[in-house]
Amino acid sequence: MKRLLALASSSLVLALAASAGTAEAAKVPLAFAPTLGANPQRTQQKLQQLESRIPASFALPATLVPLQSAQIELRFLPEMAAAFTRAGAASATKKMTWPGGTPPLCTKHAAFSAPLALLAPNASTACVSAEASVRRQLASVAACREIEQPERYVLSAPKGVVNDQTTATIESLVGLAGEWFSNYPAPDGLLPADFVSTLRNVVWKLRRGAVDVQIATARASYADALAVLGSQAACFEPTARAALVASLNELDAELGAASAHVADVSAKGKAEADQELVCLAARSRTRAALPFPSLTAEERRFVAFWLGGVYWRARGGGMIPLGSTQAARVQFCERPMRRIGELAGGATGEEAGYRVFLNIFDGWGEWFDMGTTPGGQDVYEDLVEMTNRGRQQVADPATSSIGLPFPLPLGGLEGAVPFLAAKGYDTTALMTGGLDMGPCYAYALNPLVAFRYGDVPMAPYGGPFVEGFTALGEFCAGASISLGLATTLLEGTPTSAPPTPLCAGRSCGDDGCGGSCGTCAEGLTCTAGACVACTPSCEGKSCGDDGCGGSCGACRD
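Residues 548 to 1104 (our numbering) make up the sequence shown, in order.
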């Protein structure tokens, strides 16, 4: 009998958990059995209060990824879920090598070495001066590496210097954080496989003017060296001179190819960004003109995620402690949130980012410990309270003027979610990013409580980046909110125009926005959107496509 009662009790708990998961997953990114916790009734009341504060029309995106924390299911934006998963598998001792390998665009530069002897015997004083001029120009060989690995610009950022200049732009914010991270290599496996290539594309686009100047300066140096080698040929040993001339021509050609590659990356990015506007118009939506027109929406989301996470954590005392909570809030929250908003939404986005920042003055010290403080609430209550605190961060009016140079209006300043919703934005992603504040801390505690990154400070830096679960929770909260903000802004606002047809004049092929304009019948192939007669051919093939949708046979394993 006891065994039957136990089984019945277990079944009831599982049923309640399933029911809670079904009901709660629609509005909050967490689910656990309503019988769990030190005070289940109080926890459930708080959960109901949280749900009542969320607009009735809100539903969590179907794309959220579930992760398990003991008996709690937590749901995250895909980028954050992937980051947490990598953090759990990352090496605790092995560090990522970056940049590694031979730069593929600069193989000639990497292999180049200046000739040891270049002057002809008994060279004149004028010839010695000419040789010195050539050797000065050869210093430009370092430029190719700087161009191919554009993230190296962060190494010139002042170490640990935080002021209105170093946090003024996306470029300077990347530089400030990048200089710090150059001292602390990432644990192996922590960053996604495409992180380096994506970052380089982004930096090329953010710093296109500076990169073009680097290329032009280096090529001018090569031209100057070649001019001296040509006009004063008698000054140089013939064999060494000929070899150097050949090398300089190769280096110049390689820089030309690197320049063409950067230009191609920018051109393709601009074409993709333009197509994004076409796809928005097809849904009767539009968005404001954005800075850095060659950045794609995914690249803007990439910047928002990583910068948002890094600086939200820095605001909490990691990386570069400023000795002042208010200074950290301004430099590491207000400035980045404004710039992230601007990057994804222009002036409206900047204003929305500022409104997210304004709620930072209301703390969360009662709940961020996730039930680990003796005598305090348990993890379930703290999780619900922190989830509500994240909702407040993005949705509630800002009412605290602590640390602000001006008083807020009577009744506070409208939160970012209603501010954007009134302008026609779909704020689902931003609300979701805010609601994930609770899950961020809960998952950081379990199962990632042992994760560490840069927990031994290095001068002039005085703060670890992640030395415990609350620090990881801060990164997650900032990354999720910033990504939600960018996603909301990039989706734009409705227009009064009818949807733009994507398949006008086309009967087949890709519609350019992830859909299809139709398929062709057997014997026909799609060419420029039209189905045309096709002659199948398997000549020279033993397997694969016959060129008309048919098969030339299957290959064996």
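In this text, a Cβ means the ideal position worked out from N, Cα and C, and glycines have one as well.
Shown here for glycine 1039: same chain residues with a beta carbon closer than 7 Å to its own, the five before and five after excluded, namely Leu827, Arg832, Thr833, Arg834 in chain order.
With respect to the C-alpha of glutamine 939, the residue from Pro608, His656, Arg600 having the closest C-alpha is Arg600. Close CB contacts of glycine 896 within its chain, under the 6 Å cut and outside five residues either way in sequence, are with Gly888, Glu889, Leu1036 (chain order). Ranked by how close their Cα comes to the Cα of proline 651, the residues Thr632, Lys641, Ala630, Arg692 have Arg692 in first place. A distance below 7 Å separates the beta carbons of glycine 865 and alanine 1018. Close CB contacts of glycine 855 within its chain, under the 7 Å cut and outside five residues either way in sequence, are with Pro883, Ile887, Gly1025, Ala1026, Ile1028, Ser1029, Leu1030 (chain order). With respect to lysine 752, leucine 842 sits close: the two C-beta atoms are nearer than 7 Å.
Note on the region 594-655: whole beta strand (DSSP E) runs with a minimum of 3 residues are 612-616, 619-623, in chain order. Around the beta carbon of glycine 1061, fewer than 16 other beta carbons sit within 10 angstroms, so the residue counts as exposed.
A direct Cα-to-Cα measurement between isoleucine 619 and cysteine 1081 gives close to 57 Å. Counting the other Cβ atoms within 10 Å of the Cβ of alanine 630 gives 16 or more, which makes it buried.
Secondary structure of serine 687 (DSSP, three-state): helix. The beta carbons of aspartate 983 and leucine 624 sit about 7 Å from each other, so the pair counts as a contact at 8 Å. Between the alpha carbons of valine 1003 and asparagine 730 lies a gap of roughly 11 Å. Comparing C-alpha distances from phenylalanine 839 to each of Ala787, Ala818, Gln712 shows the shortest one belongs to Ala818. Your pair tryptophan 914 and phenylalanine 1022 does not check out as a contact, with CB atoms roughly 17 Å apart and the cut at 8 Å.
Taken through DSSP and simplified to helix, strand or coil, valine 1013 comes out as strand. By DSSP's assignment, threonine 764 forms no beta bridge with any residue.
No Cβ-Cβ contact shorter than 7 Å links arginine 633 with leucine 773. Between serine 806 and isoleucine 762, the C-beta spacing is below 7 Å.
In the structure shown, the three-state DSSP call for proline 734 is strand.
Judged by beta-carbon spacing, proline 944 lies within the 7 Å limit of glycine 962, meaning their Cβ atoms are closer than that value.
A check of alpha carbon separations from lysine 574 across Thr582, Arg589, Gln592, Arg622 identifies Arg622 as the nearest.
Assignment of alpha helix (DSSP H) within the region 809-863, counting only whole runs of 4 or more residues, yields 844-862 in chain order.
Relative to alanine 767, the option among Ala740, Val701, Gln684, Val758 whose CA is nearest is Gln684. Straight through space, the alpha carbons of valine 758 and proline 697 are spaced by roughly 8 Å. For alanine 945, the secondary structure class from DSSP, reduced to helix, strand or coil, is strand. In this structure the region 788-797 does not touch the region 633-644; the number of beta carbon pairs closer than 8 Å is below three. Across the structure, glutamate 1014 and alanine 891 are spaced so that their CA atoms are roughly 31 Å apart. C-alpha of cysteine 1073 to C-alpha of serine 1054: approximately 8 Å in a straight line. For leucine 663, the number of other beta carbons within 10 angstroms of its own is below 16, and it is reported as exposed.
Serine 1089 carries a coil assignment under DSSP once its states are collapsed to helix, strand and coil.
Distance check between alanine 661 and each of Pro668, Asp735, Cys674, Ala679 places Ala679 closest, using alpha-carbon atoms only. When the alpha-carbon of leucine 951 is set against those of Leu977, Thr934, Asp909, Leu665, the nearest one is in Asp909. With fewer than 16 other Cβ atoms from the protein chains shown falling within 10 Å of its own Cβ, lysine 815 counts as exposed. DSSP, reduced to helix, strand and coil, places methionine 866 within a strand of the structure shown.
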